[in-house]
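Peer 1: All residue numbers for the sequence shown refer to my numbering, where the first residue is 3 and numbers rise by one.
Every residue, glycine too, gets a C-beta built ideally from N, C-alpha and C.
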Amino acid sequence: MGDLGDIRPGSLTKQYNICGKEGCRCKNKINPIKHGPYYNLSYTYKGRGTSAYIPELYVHELKIKIDNYSKMKKLIDEWIELSILKSKIEIKLIKKNNKK
Ligand SMILES: [Zn+2]
């Protein structure tokens with residue numbers, strides 16, 4: 003798990019916007035070109051939802067961290083599952099060897 007590298011929870015969305023400016027390219031009737039892309043990271047940490055604008059230059063690095071986070075979550079889930087199973091077996095063995 004230490005090989006994973008940096009982690010970051012959250013999901014990244016890509017958005018294109020229309021602005022309020024009169025006659026802007028984003029409002030062109032024939033070929034509108036919206037502004038963007040804008041990247042937004044939203045996540046919940048310690049029970050609080052947050053979102054942050056992400057500069058395009060950081061998107062690649064951030065995607066790696068987000069990917070690492072979900073890998074870590076999966077590994078922890080497996081670890082928990084196996085730990086429960088192991089503990090159940092240990093309890094069963096003690097009961098078996100300790101019949102009164
Ligand atoms: Zn515009």
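(1) Would you grab the beta carbon distance between Leu-14 and Leu-43 for me? Rounded to a whole angstrom, and I think it's under 8 Å.
(2) Leaving out five residues before and five after Lys-16 in sequence, what residues of the same chain have Cβ atoms less than 7 Å from its Cβ?
(3) Given this structure, state the Cα-to-Cα distance separating Ser-89 from Leu-77, to the nearest angstrom.
(4) Go ahead and label Ile-86 buried or exposed: buried means 16 or more other beta carbons lie within 10 angstroms of its beta carbon, across all protein chains shown.
(5) Buried or exposed: His-12, going by 16 or more other Cβ atoms within 10 Å of its Cβ?
(6) Since Leu-14 is in the beta strand (DSSP E), which residue starts that stretch and which ends it?
(7) Where the beta carbon is closer than 7 Å to any heavy atom of ligand 1, which residues qualify, in chain order?
(8) Can you tell me where the alpha helix (DSSP H) holding Asn-70 begins and where it ends?
Peer 2: Walking through what the data contain:
(1) 5 Å
(2) Annotation for Lys-16: Pro-39, Tyr-41 place their beta carbon closer than 7 Å to its own, counting only its chain and skipping 5 residues before and after.
(3) 18 Å
(4) Exposed, since its Cβ has fewer than 16 Cβ neighbours within 10 Å.
(5) At residue 12 the sequence reads Gly, which differs from the His that was named. Buried, since its Cβ has 16 or more Cβ neighbours within 10 Å.
(6) 13-19
(7) Ile-20, Cys-21, Lys-23, Cys-26, Arg-27, Cys-28, Lys-29, His-37
(8) It spans 58-99 - the alpha helix (DSSP H) in which Asn-70 sits, taken as one unbroken run.
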